[in-house]
Amino acid sequence: MNAQTSFPSDIHATDRRRFIDDWQAHVLPKLQERQFWDDKAISFATSATNLLGVVNGGALVAIPSFAAFSGTADSQSLLGPATVFIIGLVCTLGANMSGFFACARRSESMAHWADHTTRVILELISLKEAGALVSSPAQISPLQSSATEQKYDHFLRFRSQGILFMFLALSAFIFGVIWSILSLT
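Under the working numbering, the sequence shown has 149 at position 149, and the numbering climbs by one with no breaks.
Okay, structure coming up:
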């Protein structure tokens with residue numbers, strides 16, 4: 001028996017190599033972007049919670065101390081500002097949740113895009129191996145799937161909600177501080 005076994009030439013090796021190149025050029029960057037957005041979701045939730053939670057919560061805690069220091073210990077006049085700071089804390093929670101879901105939906109849209117694009121490229125190779133005259137993935141399917149677009153739309157909606165909640169939490173802090181100062185003077 002001959003030590004060297006001859007294999008039939010692989011006529012589709014070039015197409016498979018092109019698939020790997022296309023996958024690395026088009027899908028891998030989206031998967032890396034997905035990881036980026038996953039990291040952003042965690043980072044956003046953490047930093048927003050710390051910032052607005054500390055600001056509104058600290059102001060809520062500081063009201064009785066400031067009232068005692070200024071000599072006006074009327075608890076009824078401080079109830080309104082305290083309520084505003086509590087509303088600011090609730091808005092902070094809403095901003096955190098919206099920010100997290102915005103980044104998570106963006107990450108999911110990248111995953112859907114990567115899966116869909118991989119399927120399109122594989123289908124393109126299969127059609128070429130079958131002898132079809134297909135030169136571009138766009139001839140098979142659009143590179144954006146409806147699931148990708150839906151997740152991206154959710155991302156935009158949650159991002160808008162997060163911005164609104166952040167603005168409301170900051171407004172609650174500013175309004176609460178002004179009301180506290182006016183109540184204690």
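Backbone N, C-alpha and C define an ideal beta-carbon position, used for all residues, glycine too. Just so it is clear, the structure is predicted and the values come from calculations on it, not from any experiment.
Under three-state DSSP, which class holds residue 185? coil
Does the segment 47-67 come into contact with the segment 13-32, if we say contact requires no fewer than three beta-carbon pairs (one atom in each stretch) closer than 8 Å? no
Residue 50 to residue 34 span [Cα, whole Å]: 25 Å
Alpha carbon to alpha carbon, what distance is there between residue 159 and residue 140? Low confidence applies here, because residue 140 scores a pLDDT of 49, under 50, leaving its location unreliable; read the following figure in that light. Distance between the alpha carbons of residue 140 and residue 159 is about 33 Å.
Any 3 or more C-beta pairs closer than 8 Å across the segment 104-117 and the segment 146-159: yes
Buried versus exposed, by CB contacts within 10 Å (16 or more), residue 43: exposed
Near residue 217, what residues of its chain come up, given a Cβ to Cβ distance below 7 Å and the 5 sequence neighbours on each side ignored? Since the displayed the chain opens at 1 and closes at 185, residue 217 lies outside it and no answer follows.
How about residue 175 and residue 84: are their beta carbons less than 8 Å apart? yes
Identify whether residue 99 lies in helix, strand or coil by the three-state DSSP scheme. Per DSSP, reduced to three states, the secondary structure at residue 99 is helical.
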